[in-house]
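This report refers to the structure that appears directly beneath it.
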Amino acid sequence: MHSNTASPTATRPFTLRRATDGDLDGVLALLAETAGWLNGRGVRQWPAGGFPAGRITPLIGEGVLYLLDGAEGESGLIATLALDGHADPEFWNRGDDPGSALYVHKLAVARDHAGTGLGEALLDWAGLRALAMGKRWLRLDCSKDNLRLQDYYRGQRFAHLRTVDLPHRASGALFQRPGGLRARASGLALPFSDRRGAPVPEHV
Numbered sequence: 030m031h032s033n034t035a036s037p038t039a040t041r042p043f044t045l046r047r048a049t050d051g052d053l054d055g056v057l058a059l060l061a062e063t064a065g066w067l068n069g070r071g072v073r074q075w076p077a078g079g080f081p082a083g084r085i086t087p088l089i090g091e092g093v094l095y096l097l098d099g100a101e102g103e104s105g106l107i108a109t110l111a112l113d114g115h116a117d118p119e120f121w122n123r124g125d126d127p128g129s130a131l132y133v134h135k136l137a138v139a140r141d142h143a144g145t146g147l148g149e150a151l152l153d154w155a156g157l158r159a160l161a162m163g164k165r166w167l168r169l170d171c172s173k174d175n176l177r178l179q180d181y182y183r184g185q186r187f188a189h190l191r192t193v194d195l196p197h198r199a200s201g202a203l204f205q206r207p208g209g210l211r212a213r214a215s216g217l218a219l220p221f222s223d224r225r226g227a228p229v230p231e232h233v
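Counting with our numbering, you get residues 30 to 233 for the letters of the sequence shown.
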């Protein structure tokens with residue numbers, strides 16, 4: 030199977046692993062940091078203060094929240110990504126064949142690591158995981174008003190399907206791309222470890 034890849038600008042070693050209960054505070058802090066940054070720029074996709082623990086603990090319990098740790102001696106979490114088969118019923122309908130995809134949620138990269146290719150690496154890893162699980166698509170929804178963010182996903186080879194405009198939802202721009210890697214992916218591997226620290230194959 031093809032290795033995980035990302036931007037060559039990110040050269041330090043990172044480890045991707047499933048979150049555990051002990052990671053909750055760090056995850057909440059990173060998501061709050063990202064939410065504050067987004068809201069400071071007028072993007073209302075996430076609550077300004079971040080997410081309550083009750084929104085995150087189920088993801089940890091289900092084993093679908095993944096964390097990126099930095100190099101040895103580097104404190105704090107570098108990035109988060111939730112990846113599961115949950116298709117938001119307010120956005121994805123029967124005609125989309127919801128079971129044909131994996132869905133990206135809670136993608137966040139610490140601000141001091143922004144622009145290093147880690148977001149791209151995580152999306153490539155998620156695409157490989159979708160392919161290995163026999164899913165045709167990798168999907169996500171994002172802010173319906175943030176054109177810059179939408180352009181970022183287009184740059185990652187996601188296609189905009191449609192925008193669902195619900196008054197009580199800031200999100201609603203729906204994107205998907207085929208499972209696997211981007212057409213021009215290159216560079217950074219993301220070793221994946223399970224909760225015990227042992228290597229886990231991409232397809233598990």
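Even glycine gets a Cβ: it sits at the ideal position worked out from N, Cα and C.
Check: Between the C-alpha atoms of GLU149 and ALA143, what's the straight-line distance to the nearest angstrom?; Outcome: 11 Å
Check: Any heavy atom of the ligand MG closer than 7 Å to the CB of ASP194?; Outcome: The ligand MG is not part of this structure, which contains no ligands at all.
Check: Any idea if ARG46 is buried or exposed, counting beta-carbon neighbours within 10 angstroms, 16 or more meaning buried?; Outcome: buried
Check: Between which two residues does the alpha helix (DSSP H) harbouring THR145 extend?; Outcome: Per DSSP, THR145 belongs to no alpha helix (DSSP H) and is neither H nor E.
Check: Per DSSP, which residues does PRO113 bridge with? Please list them.; Outcome: In the sequence as displayed, the identity of residue 113 is Asp instead of Pro. Beta-bridge pairing links ASP113 to TYR132.
Check: Are three or more beta carbon pairs between the stretch 153-162 and the stretch 190-208 nearer than 8 Å?; Outcome: yes
Check: Can you tell me whether ALA77 is buried or exposed, with buried defined as 16 or more other CB within 10 angstroms of its CB?; Outcome: exposed
Check: Closer than 8 Å is the cut-off here; do at least three beta carbon pairs connect the stretch 64-74 with the stretch 86-102?; Outcome: no
Check: Tell me which residue opens and which closes the alpha helix (DSSP H) that ARG177 is part of.; Outcome: 176-184
Check: Helix, strand or coil for LEU169? Go by DSSP, reduced to three states.; Outcome: strand
Check: Based on Cα-Cα distance, which residue from TYR132, ALA199, VAL56 and LEU60 lies nearest to ALA116?; Outcome: TYR132
Check: Quick one: what's got a C-beta closer than 8 Å to LEU59's C-beta in the same chain, skipping five residues either side?; Outcome: GLY105, LEU106, ALA108, THR109, ALA137 and ALA139
Check: Using beta-carbon positions only, say whether VAL93 and ASP113 come within less than 8 Å of one another.; Outcome: yes
Check: Straight-line CA distance for GLY216 to TYR181?; Outcome: Only weak support exists for where GLY216 lies, its pLDDT of 44 falling under 50; the value from the coordinates is given anyway. Using only the alpha carbons, I get a separation of about 19 Å.
Check: Which of the three DSSP states, helix, strand or coil, is assigned to VAL56?; Outcome: helix
Check: For a quick check, are the C-beta atoms of LEU57 and GLY79 less than 8 Å apart?; Outcome: yes
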